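Heads up: the protein sequence lines correspond to chains A and B, in order.
Residue 341 in numbering that gives the first Met the number 0 sits at position 342 of the first sequence; the count goes up by one each step and never skips.
Residue 19 in numbering that gives the first Met the number 0 sits at position 20 of the second sequence; the count goes up by one each step and never skips.
A short write-up of the structure that comes next.
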Amino acid sequence: MAKKEIKKLDYFTDWKYAPAPEATDHIRLQKQYELFINGKFVKPNSGKYFDTINPATEEKISSIAEANDKDVDLAVKSARTAYDKTWSKMPAKERAKYIFRIARLIQERARELSVIETMDGGKSIRESRDIDVPLAANHFFYYAGWADKLEYAFPNRKPQSLGVAGQVIPWNFPLLMAAWKIAPALATGNTVVLKPAETTSLTALKLAEIIQESGLPDGVVNIITGHGPVGAAMVNHKDINKIAFTGSTNVGKWIQKAIAGTDKKLTLELGGKAANIIFEDAPINQAVEGIVNGIFFNQGHVCCAGSRLFVQESVAEEVIRKLKDRLETLVVGDPLDKNTDIGAINSKMQLNKINEYLKIGVNDGAEMYQSSCSIPKKGFFVRPTLFLNSSQSHRISQEEIFGPVLAIQTFRTIEEVIEKANNIPYGLSAGVWTDKGSRIFNMTSKLRAGVVWANTYNKFDPTSPFGGYKESGFGREGGLHGLAPYLKF
Amino acid sequence: MERIEVLKTYKIFIGGQFPRTESGRYYPLKLKNNMTVNVSLSSRKDFRNAVVIARGAFSGWSSRAAFNRGQILYRIAEMLEGRKEQFLEELKQLGYTAISAKKEVEQSIDRLVYYAGWCDKYQQLNSSVNPVASSHFNFSVPEPMGVVAIMADESTALLGLVSAIAPCIAGGNTCIVLASESKPTCAITFAEVLATSDVPGGVVNIMTGNRKELHAHFSSHMDVNAIITCNSEKDFNKTVGENASLNVKRVFVWNKNWNNESEQGPYYITDLQEIKTTWHPIENIGVSGIKY
């Protein structure tokens, strides 16, 4: 009898998935989108439009209006009028009902929204379907409930709305960030001018449609599209009471400087370079999943991504071996395919930036390891990447890359890892993996970061405050704490 | 020939179903249109059955995500809004004017929405991290009490009922409610709203009957954690209080004017919560790192 051949795992044959693409025929998209001002879709004063493309195919999806200063002014005026005439006078419990309606409408149109989110932004359909869109709906639902309960949140104080909030959001979670911004602003009685990022305007504009459907009074929410100058005009506009910004630390610093000396209130949710720390007593398999989720979630386009991995020396070999194995199984490709783990990089510009950092990492002397997966020829893709033996001084360990790139360092003692984890200008989030509860609480008190995940990573909930220490910004979004930035006392 | 109207049989609501009272008893209730409804006169045994069912429903309901409970309470409000006309008619048959009926239904809907919002918020207001002097992470959080017996407001048909049930279930408790004896029909129609609102069977159980007969049973049952009485009779409330001591039931007299907007709030939820404190050690090494 012939000897039985021992089968080895072959990732390229046995692990193939049949394509499972999400249908796109049910979505409703227009060829051209206008600005949403005073409850209506209006043509931009600039007369200009720009293309929004699908980063997975590089094909144009739609034309988006480019606002100019005059449009910004119109949007602010409409928000001011809505504030003075209707929104600030409406009983809080009626205000709540509109926000509940928006939450319900998002839930009803969840499938359409997730497909558009994936087409316009490149994130995998699994993530937009299971995370972005439901969380966005939940955020509206959660803050709706606060509208008539503000006195309980701030005992002995008289919370009052600010007026008009100008909100500028990034491209990594387009609809979810719009929800994080709009929901608490409305619940606290403010009106809104929101600018989505130029590469991902579509779901914000779909949200504008939903807001129209909800019957929300005209002008309470205005959504204007365009590039950086639109945001700058908002920041500098005299009749805006509050700026809320999520994006890069550089732009955040510019905004803080620009509004210095004015009465504008500010919240900043900026960059991060989170330490994800694996102690030797950690459940290794779960920790590996946590590392993968920490850095490869949303192609690494996450401000709180666990982009610095610290592994205790005694388990480093095992963790890295398992991490490499796991890397091989990640499916990179068509974001609309339900099997896809890592979708497309959001834009050509971002792809170039990531590739630049890959070069920098190699030149600085770190050892690059990439998944051997194939990536589509068209569209913006990058292989999930590890940098082994990186050190604290490497630029890939210090600067936010905003891509699927993980810088790995090892450590021996708790003192050492706390020192290394904190020795960075950022302080948005951190992860700790250990079996020991007392160590978790030690780490959460020592780490200078706004969110610490213990034995989990990248968890978000409307009730849970999110925001950074140090150069990762200030103010919190989510939970009771997310109300204060939109109130005066 | 004139079409003959089909009349509704009013039964009780236990475990998500609408059985008749096991006792087979009834009491007649004359409506404004001169029709008579035979209302179930529930027995001690009905109550005891309901407690078993409410206890069974407790672990599932209390372990639901707070957010999910909020969605379900909001769903109740949606369903009630959709059946507004039916309630207006029923209230009129119980003697409400058109204006007072409209006010009662709308306030009931708004109160449900109000408590829907509280489901995932009262915890943040009532939890604490306690700065103990030793190296421990010490925190206190509210947890639902369990099974709550409610003797609802006698003077209102719907609003008092809703005002007692909503904070009770918003906080994760399950309940057995005795409806207003003189205005019981709306309570049973409200049970139909609950039955179509994704509220799991057994979370809310509604009985009709005689308070004088049942109050001693409500208050002496050994597997009920708290009792709410929404009425003012001193002798009743004294018996309830004495019986409650048998198993240290928490007793609340919510004798309120529910029409008043101020008679709602998180304190109705926290009345029915226990506070649990947890101590957890904090390892204390690596102090050097917090200098940045």
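Even for Gly, the Cβ is constructed at its ideal location relative to N, Cα and C.
Because the structure is a prediction, the values reported are computed rather than measured.
Please classify G94(B) as buried or exposed, where buried requires at least 16 other C-beta atoms within 10 Å of its C-beta.
With fewer than 16 other Cβ atoms inside 10 Å of its own Cβ, G94(B) counts as exposed.
Anything in chain B within Cβ reach of K92(A), meaning under 8 Å, just list it in chain order.
Within chain B, the residues D109, V112 and Y113 have their CB atoms less than 8 Å from the CB of K92(A), given in chain order.
If we ignore side chains and look at the alpha-carbon of each, how far apart do G288(B) and G467(A) end up?
Unreliable positioning characterises G288(B) in this predicted model, as indicated by a pLDDT of 48, which lies under 50. The coordinate reading is nonetheless provided below. Taking the straight line joining both Cα atoms gives about 18 Å.
Excluding sequence positions up to five away, which residues of its chain have a Cβ less than 6 Å from the Cβ of V489(A)?
No answer is possible for residue 489(A): the residues shown for chain A start at 0 and end at 488.
Selection from L350(A), E327(A) and V192(A) that minimises the alpha carbon distance to Y82(A)
Just measuring C-alpha positions, the residue of L350(A), E327(A) and V192(A) sitting nearest Y82(A) is V192(A).
Member of T276(B), G285(B), K31(B) and N242(B) whose CA lies at the smallest distance from the CA of A148(B)
N242(B)
Please work out which residues of its chain come closer than 6 Å, Cβ to Cβ, to I108(B), disregarding the five sequence neighbours upstream and downstream, and give them in chain order.
A76, L79 and E80
DSSP-derived helix/strand/coil call for G288(B)
Confidence in G288(B) is poor, its pLDDT being 48 and thus under 50, which makes the residue's placement too unreliable to answer from.
Just how far apart, CA to CA, sit N33(B) and T190(A)?
53 Å
Inspect the beta-carbon positions of A152(A) and L482(A) and report whether they are closer than 8 Å.
yes
So G285(B) contacts chain A; which residues on that side make the cut at Cβ distance below 9 Å?
Under the 9 Å cutoff, chain A gives T412, I413, E414, E415, V416, I417, E418, N441, M442 and K445.
At what residue ranges does the segment 166-193 of chain A contain a whole run of the alpha helix (DSSP H), taking only runs of 4 or more?
173-186
M206(B): first and last residue of the uninterrupted beta strand (DSSP E) it sits in
V203 to M206
At what residues does the alpha helix (DSSP H) containing L193(B) begin and finish?
T184 to A194
Where are the beta strand (DSSP E) runs, 3 residues long or more, that stay fully inside the segment 33-60 of chain B, in chain order?
35-39
Are the CB atoms of L267(A) and G251(A) nearer to each other than 8 Å?
Yes; because the gap between Cβ atoms is below 8 Å, this pair is in contact.
Just to confirm before moving on: does the CB-CB distance between L72(B) and A186(B) stay below 8 Å?
Against a cut-off of 8 Å, the Cβ pair of A186(B) and L72(B) comes out as no contact.
Is the beta carbon of P54(A) closer than 8 Å to that of G360(A)?
no
Would you please verify whether the beta carbon of W145(A) is less than 8 Å from any beta carbon of chain B?
Yes, W145(A) lies at the interface with chain B (some Cβ there is under 8 Å from its Cβ).
Since I believe D131(A) is in contact with E111(A) (beta carbons under 8 Å), could you give me their beta-carbon distance rounded to a whole number of angstroms?
About 13 Å; that fails the 8 Å criterion.
Return no unless some Cβ of chain B is closer than 8 Å to the Cβ of S437(A).
yes
8 Å Cβ cut-off: residues of chain A touching L124(B)
Y151, A152 and L479
Using 8 Å as the limit for Cβ to Cβ distance, is A95(A) near chain B?
yes
Alpha helix (DSSP H) runs wholly inside the segment 96-169 of chain A, at least 4 long, in chain order
Entirely contained in the segment 96-169 of chain A, the alpha helix (DSSP H) runs reaching 4 residues are, in chain order, 109-120, 132-145 and 149-152.
Ignore the nearest five residues each way along the sequence and tell me which others in N492(A)'s own chain have a CB closer than 8 Å to its CB.
Chain A is shown only over 0 to 488; residue 492(A) falls outside these bounds and no answer can be derived.
CA-to-CA distance, Y142(A) to S139(B), given in whole angstroms
Rounded to whole angstroms, S139(B) to Y142(A) spans 24 Å at the Cα level.
Close beta carbons around E75(A), own chain, < 7 Å, minus the five adjacent residues each side:
The sequence as given places Val at residue 75(A); Glu does not occur at that position. Correct list, in chain order: V163, V192, H236, D238 and I239.
Terminal residues of the continuous beta strand (DSSP E) containing K264(A)?
Run containing K264(A): K264 to E268, per the beta strand (DSSP E) assignment.
On a Cα-Cα basis, can you pick out the residue from N224(B), I274(B) and A194(B) that is closest to N246(B)?
N224(B)
Tell me whether the beta-carbon of N204(B) lies closer than 8 Å to the beta-carbon of D152(B).
Here N204(B) is not near D152(B), since their CB atoms are 8 Å or more apart.
With H, G and I counted as helix, E and B as strand and the rest as coil, what does DSSP make of W257(B)?
coil
Flag Y73(B) as yes if its beta-carbon sits less than 8 Å from any beta-carbon of chain A, otherwise no.
True, the Cβ-Cβ gap to chain A drops below 8 Å.
Between the alpha carbons of D129(A) and G402(A), how many angstroms are there, rounded?
One C-alpha to the other measures close to 21 Å.
Under the three-state DSSP convention, the category C167(B) falls into:
helix
Determine the direct distance from the alpha carbon of P484(A) to that of E93(A), and round the result to whole angstroms.
22 Å
Tell me, please, whether the CB atom of S137(A) is closer than 8 Å to any CB atom in chain B?
In the sequence on display, residue 137(A) carries Asn and not Ser. It does: the Cβ of N137(A) has a partner Cβ on chain B nearer than 8 Å.
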